[in-house]
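Trainee: Sharing a structure with you now.
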Amino acid sequence: PAPRDAIGHMSIRSSGLVDELSDRETPCENTTRTTGFTAPTSIPLLLLPTAIMSRAVVYRLFAPLLLLGFVQIALSKRFEVKSGNQTCLLAEFSANFSVRYNTTAKKGVTVLFSLSTDAHVDNRSNCNNMTAPVLVVSFGDGHSLSMNFSRHNGSYKMNVLTVGFNESDDAHFPNASWKDILVAFSMSADISAKMNTTYKCTSDSTVQMENVNVTLSHVRLEAFPPNNNFSRTETICHADTPPTVSTTTLVTTLAPTTAPPPTPNPIPGTYNVTNSNGTCLLAKMGLQINITYTAPDNKTAVKVFNILPNSTHTDGNCSSDHALLQLTDDPTKLIFVFIVNTTTNKFYLKELSISTRIPSTAQGKEFTAKNDSLTYLQTTLGKSYMCHTEQTLQVNPKVSINAFELHVQPFRVNDAKYGAAEECQMDKDDMLIPIIVGAALAGLVLIVLIAYLIGRKRSHAGYQTI
Numbered sequence: 001p002a003p004r005d006a007i008g009h010m011s012i013r014s015s016g017l018v019d020e021l022s023d024r025e026t027p028c029e030n031t032t033r034t035t036g037f038t039a040p041t042s043i044p045l046l047l048l049p050t051a052i053m054s055r056a057v058v059y060r061l062f063a064p065l066l067l068l069g070f071v072q073i074a075l076s077k078r079f080e081v082k083s084g085n086q087t088c089l090l091a092e093f094s095a096n097f098s099v100r101y102n103t104t105a106k107k108g109v110t111v112l113f114s115l116s117t118d119a120h121v122d123n124r125s126n127c128n129n130m131t132a133p134v135l136v137v138s139f140g141d142g143h144s145l146s147m148n149f150s151r152h153n154g155s156y157k158m159n160v161l162t163v164g165f166n167e168s169d170d171a172h173f174p175n176a177s178w179k180d181i182l183v184a185f186s187m188s189a190d191i192s193a194k195m196n197t198t199y200k201c202t203s204d205s206t207v208q209m210e211n212v213n214v215t216l217s218h219v220r221l222e223a224f225p226p227n228n229n230f231s232r233t234e235t236i237c238h239a240d241t242p243p244t245v246s247t248t249t250l251v252t253t254l255a256p257t258t259a260p261p262p263t264p265n266p267i268p269g270t271y272n273v274t275n276s277n278g279t280c281l282l283a284k285m286g287l288q289i290n291i292t293y294t295a296p297d298n299k300t301a302v303k304v305f306n307i308l309p310n311s312t313h314t315d316g317n318c319s320s321d322h323a324l325l326q327l328t329d330d331p332t333k334l335i336f337v338f339i340v341n342t343t344t345n346k347f348y349l350k351e352l353s354i355s356t357r358i359p360s361t362a363q364g365k366e367f368t369a370k371n372d373s374l375t376y377l378q379t380t381l382g383k384s385y386m387c388h389t390e391q392t393l394q395v396n397p398k399v400s401i402n403a404f405e406l407h408v409q410p411f412r413v414n415d416a417k418y419g420a421a422e423e424c425q426m427d428k429d430d431m432l433i434p435i436i437v438g439a440a441l442a443g444l445v446l447i448v449l450i451a452y453l454i455g456r457k458r459s460h461a462g463y464q465t466i
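For the sequence shown, counting from 1, position 40 maps to 40 in the working numbering; every step adds exactly one.
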């Protein structure tokens with residue numbers, strides 16, 4: 001790690017080791033691998049330490065800080081890039097990563113982890129003649145994150161966000177088929193501010209790349225700070241900005257309104273989760289979200305929308321008694337958590353959470369809800385839960401999720417195939433109704449037939465043979 005100055009800030013000197021962007025057009029985001037960390041010129045390769053620190057050394061040095069590390073990164077740890085005595089970039093942030101990689105079993109696996117407490121400014125950070133500063137943060141067993149900035153017309157912005165992950169790190173990438181560096185970058189990070197102001201964003205902001213998602217939060221940063229410290233004036237990100245409510249009283253005549261058309265039933269999507277042992281969770285369902293919220297005029301409004309399978313990204317993980325399914329259809333994120341009841345030998349849906357945006361007319365805009373004490377979808381282990389009938393999963397009194405054509409199995413999946421299905425009670429009731437109706441009709445026919453035979457016999461008894 002770089003030496004600290006008198007006030008405890010990470011400090012480096014300009015090294016000139018900066019790879020500049022190619023003049024050719026590049027896609028907004030990309031992923032590649034490299035063993036010697038030589039990549040196409042269209043990628044700003046400004047990351048990765050020259051030597052990979054032993055994981056055991058990291059653990060010995062930083063184990064006492066594990067409990068406090070996340071708070072330090074999120075709230076107090078500062079990264080600083082300097083050229084001589086002049087600071088060109090200050091940054092504070094926390095970062096969570098979702099990385100999908102291939103295992104030796106040729107299975108795609110998604111892992112989730114955070115920026116670790118040993119994160120430090122790498123010596124390839126550079127002020128680049130005070131025109132285009134670059135921050136490179138190294139952490140863990142050979143992993144890196146870098147940010148490229150520029151300024152134009154009185155503003156500064158992040159041009160490129162790049163990450164590099166060492167797939168030889170068995171702690172984060174067990175059984176990885178590649179033992180080299182996975183590199184991903186994006187040119188669509190929405191971070192910009194006016195000069196001489198501090199960019200601030202407490203809310204989560206996710207940058208999506210190929211096979212990699214980076215979620216930044218508790219962000220404070222400033223490029224070209226005038227006094228080598230954060231400016232007092234702040235530029236607040238859109239997610240942190242409260243909605244503006246007009247105080248003007250308008251007298252209007254309300255025209256007759258028609259009810260909005262009903263939302264059509266959602267299209268069922270297939271959402272599977274894999275781990276190092278193969279497919280560990282199978283799910284097929286159509287999902288419809290119902291949210292009741294309060295508008296600025298204090299009237300109750302309802303938002304109903306469907307999750308679209310074609311634009312939904314699937315993540316998750318599994319263990320012997322715990323399975324998580326995460327569905328992201330931007331800006332909506334759903335998380336389903338299944339657990340095993342060892343006493344009854346059944347699994348069930350224990351936790352359901354949602355985060356999304358509601359219309360700009362709503363108070364707060366950002367909307368989250370969670371319930372971690374559910375008992376839905378109880379099914380015997382080794383079998384799957386099936387329900388063709390629309391089923392309502394109530395998160396709280398204001399939020400519910402309607403599931404259509406639901407079929408799910410989170411445990412003991414063999415050969416990526418569903419086990420024998422246990423049908424929901426609603427499907428059984430639907431089957432019972434036609435059975436009852438059929439039996440009633442059969443009984444009615446039998447009664448009519450008996451009455452006819454009795455009547456015919458009596459009519460014959462009224463005549464005598466001549």
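Beta carbons: idealized from backbone N, C-alpha and C, even for Gly.
If you're wondering where the values come from, they're calculated on a predicted model, not measured in any experiment.
For the 8 Å Cβ check, are there 3 or more pairs between the stretch 166–180 and the stretch 101–111?
Mentor: With a cut-off of 8 Å, the stretch 101–111 and the stretch 166–180 count as touching, because enough Cβ pairs lie within range.
Trainee: Could you check how far apart the C-beta atoms of Val163 and Ala189 are, in whole angstroms? I think they sit under 8 Å.
Mentor: If you number the sequence shown from 1, residue 163 lands on position 163. If you number the sequence shown from 1, residue 189 lands on position 189. At roughly 11 Å, the Cβ-Cβ gap does not stay under 8 Å, so Val163 and Ala189 are not in contact.
Trainee: Do you know offhand how far Ser400's Cα is from Ile267's?
Mentor: Counting from 1 along the sequence shown, the entry for residue 400 is found at position 400. Counting from 1 along the sequence shown, the entry for residue 267 is found at position 267. Going by the C-alpha atoms only, they are around 18 Å apart.
Trainee: Determine the extent of the beta strand (DSSP E) in which Asn306 is found, giving its start and end residues.
Mentor: On the sequence shown, position 306 is the one that residue 306 refers to. Asn306 -> beta strand (DSSP E) spans Thr300 to Asn306.
Trainee: Between which residues of its own chain and Val207 is the CB-CB distance below 6 Å, once the five residues before and five after are set aside?
Mentor: Residue 207 sits at position 207 when you count from the first residue of the sequence shown. For Val207, where only same-chain residues beyond five positions count, the Cβ hits under 6 Å are Leu161, Ser186, Ala189 and Val214.
Trainee: For Thr375, which three-state DSSP category applies?
Mentor: As a working note, residue 375 is residue 375 in the sequence shown. Three-state result, Thr375: coil.
Trainee: Short check: CB of Lys200 to CB of Glu234, under 7 Å?
Mentor: Looking up residue 200 in the sequence shown gives position 200. Looking up residue 234 in the sequence shown gives position 234. The answer is yes: Cβ separation under 7 Å.
Trainee: Given a cut-off of 7 Å on the beta-carbon distance, is the pair Asn402 and Thr389 in contact?
Mentor: Start at 1 with the first residue of the sequence shown, and residue 402 comes out as number 402. Start at 1 with the first residue of the sequence shown, and residue 389 comes out as number 389. No, these two residues do not count as a Cβ contact at 7 Å.
Trainee: Which residue wins for smallest C-alpha separation from Phe113, given the options Glu92, Gly140 and Leu281?
Mentor: Looking up residue 113 in the sequence shown gives position 113. That would be Gly140, whose Cα lies nearest to the Cα of Phe113.
Trainee: Starting from Thr206 and walking both ways along the beta strand (DSSP E), at which residues does that stretch end?
Mentor: Here residue 206 refers to the residue found at position 206 when the sequence shown is read from its first residue. Element bounds for Thr206: Ser205 to Met209.
Trainee: Is Phe336 closer than 7 Å to Leu352 when the C-beta atoms are compared?
Mentor: As a position in the sequence shown, residue 352 is number 352, starting the count at 1. As a position in the sequence shown, residue 336 is number 336, starting the count at 1. Yes, the Cβ-Cβ distance between Leu352 and Phe336 is below 7 Å.
Trainee: Using beta-carbon positions only, say whether Leu374 and Leu349 come within less than 7 Å of one another.
Mentor: Indexing the sequence shown from 1 puts residue 374 at position 374. Indexing the sequence shown from 1 puts residue 349 at position 349. Result yes, Cβ atoms of Leu374 and Leu349 sit closer than 7 Å.
Trainee: Rounded to whole angstroms, what's the CA-CA distance from Ala171 to Phe97? Just pull it up for me.
Mentor: By one-based count along the sequence shown, residue 171 stands at place 171. By one-based count along the sequence shown, residue 97 stands at place 97. C-alpha separation (whole angstroms): 14 Å.
Trainee: Have a look at Lys157 and Cys387 and give me their C-alpha separation to the nearest angstrom.
Mentor: For the purposes of this step, residue 157 is identified with residue 157 of the sequence shown, where counting begins at 1. For the purposes of this step, residue 387 is identified with residue 387 of the sequence shown, where counting begins at 1. Each residue's Cα considered, the two are about 49 Å apart.
Trainee: Which runs of the beta strand (DSSP E), 3 residues or longer, sit entirely within the stretch 164–215?
Mentor: As far as the stretch 164–215 is concerned, its whole beta strand (DSSP E) runs of at least 3 residues are 181–186, 192–194, 198–201 and 205–209.
Trainee: For Asp329, which three-state DSSP category applies?
Mentor: Position 329 of the sequence shown, counting from 1, holds the residue named residue 329. Reduced to three states, the DSSP call for Asp329 is strand.
Trainee: Look at Leu145 and Phe165 and say whether their C-beta atoms are less than 7 Å apart.
Mentor: In the sequence shown, residue 145 corresponds to position 145, counting from 1. In the sequence shown, residue 165 corresponds to position 165, counting from 1. No, Cβ-Cβ distance for Leu145 and Phe165 is not below 7 Å.
Trainee: Which of the three DSSP states, helix, strand or coil, is assigned to His322?
Mentor: Numbered from 1 along the sequence shown, position 322 holds the residue referred to as residue 322. Three-state result, His322: strand.
Trainee: Just the Cα atoms here: how many angstroms apart are Lys299 and Thr263?
Mentor: Residue 299 sits at position 299 when you count from the first residue of the sequence shown. Residue 263 sits at position 263 when you count from the first residue of the sequence shown. Cα-Cα distance, rounded: 21 Å.
Trainee: Does the Cβ-Cβ distance between Pro226 and Leu90 come in under 7 Å?
Mentor: As a first step, residue 226 is located in the sequence shown; it is residue number 226 there, counting from the start. As a first step, residue 90 is located in the sequence shown; it is residue number 90 there, counting from the start. No.
Trainee: State the CB to CB distance for the pair Asn196 and Ser231, rounded to an integer number of angstroms; the pair is presumed to be in contact (CB under 8 Å).
Mentor: Against the sequence shown, residue 196 aligns to sequence position 196. Against the sequence shown, residue 231 aligns to sequence position 231. Yes, they are in contact, since the Cβ atoms of Asn196 and Ser231 sit about 5 Å apart, within 8 Å.
Trainee: Quickly, what does DSSP pair Phe113 with across the bridge? List them, please.
Mentor: Position 113 of the sequence shown holds residue 113. Phe97, per the DSSP bridge assignment.
Trainee: Measuring only the C-alpha atoms, how far is Leu135 from Asp204?
Mentor: As a first step, residue 135 must be located in the sequence shown, where it is residue number 135. As a first step, residue 204 must be located in the sequence shown, where it is residue number 204. Rounded to the nearest angstrom, the two C-alpha atoms are 20 Å apart.
Trainee: Smallest Cα separation from Asp118: which of Asp329, Gly142 and Val445?
Mentor: Taking the sequence shown and counting its residues from 1, one reaches residue 118 at position 118. Considering only alpha carbons, the answer is Gly142.
Trainee: With distance defined between alpha-carbon atoms, name the residue in Tyr385, Gly382, Lys383 and Ile354 nearest to Asp372.
Mentor: Numbered from 1 along the sequence shown, position 372 holds the residue referred to as residue 372. That would be Ile354, whose Cα lies nearest to the Cα of Asp372.
Trainee: Go through its chain and collect everything with a Cβ distance to Ser276's Cβ below 8 Å, but skip five positions before and after it.
Mentor: Here the question's residue 276 lines up with position 276 in the sequence shown. So the qualifying residues of the chain are Thr103, Ala105, Lys107, Val109, Pro174 and Asn175.
Trainee: Excluding the 5 residues preceding and the 5 following Ile454 in the sequence, name in chain order all residues of the same chain whose CB lies nearer than 8 Å to its CB.
Mentor: On the sequence shown, residue 454 is found 454 positions in, with the first residue counted as 1. Excluding residues within five positions, none has a Cβ falling inside 8 Å.
Trainee: Would you give the residue range spanned by the beta strand (DSSP E) that Asn275 belongs to?
Mentor: Taking the first residue of the sequence shown as position 1, residue 275 is located at position 275. Counting along the chain, the beta strand (DSSP E) containing Asn275 begins and ends at Val273 to Asn275.
Trainee: Would Pro133 be called buried (16 or more neighbouring beta carbons within 10 Å of its own) or exposed?
Mentor: Reading the sequence shown from its first residue, position 133 is the one you call residue 133. Answer is buried; the Cβ neighbour count reaches 16.
Trainee: Going by DSSP, what residues sit across from Gly142 in a beta bridge?
Mentor: In the sequence shown, counting from the first residue as 1, residue 142 sits at position 142. Paired residue(s): none; Gly142 is not in a bridge.
Trainee: Would you check if there are 3 or more beta carbon pairs closer than 8 Å linking the stretch 440–452 to the stretch 307–319?
Mentor: With a cut-off of 8 Å, the stretch 307–319 and the stretch 440–452 do not count as touching, because too few Cβ pairs lie within range.
Trainee: What three-state label does DSSP hand Thr343 in the structure shown?
Mentor: Taking the first residue of the sequence shown as 1, we reach residue 343 at position 343. Of the three classes helix, strand and coil, the one that applies to Thr343 here is coil, per DSSP.
Trainee: Using the Cα positions of Tyr385 and Leu282, report the straight-line distance between them to the nearest angstrom.
Mentor: In the sequence shown, residue 385 corresponds to position 385, counting from 1. In the sequence shown, residue 282 corresponds to position 282, counting from 1. The straight-line gap from Cα to Cα measures roughly 10 Å.
Trainee: Expressed to the nearest angstrom, what Euclidean distance is found between the alpha-carbon atoms of Asn85 and Gln394?
Mentor: Working through the sequence shown from its first residue, we reach residue 85 at position 85. Working through the sequence shown from its first residue, we reach residue 394 at position 394. Their backbone Cα atoms lie some 58 Å apart in a straight line.
Trainee: In whole angstroms, what is the alpha-carbon distance linking Asp330 and Gly443?
Mentor: Numbered from 1 along the sequence shown, position 330 holds the residue referred to as residue 330. Numbered from 1 along the sequence shown, position 443 holds the residue referred to as residue 443. Roughly 56 Å separates the two Cα atoms.
Trainee: Measure the alpha-carbon distance for Cys280 versus Pro296 and round it to whole angstroms.
Mentor: Position 280 of the sequence shown, counting from 1, holds the residue named residue 280. Position 296 of the sequence shown, counting from 1, holds the residue named residue 296. Roughly 45 Å between the two C-alpha positions.
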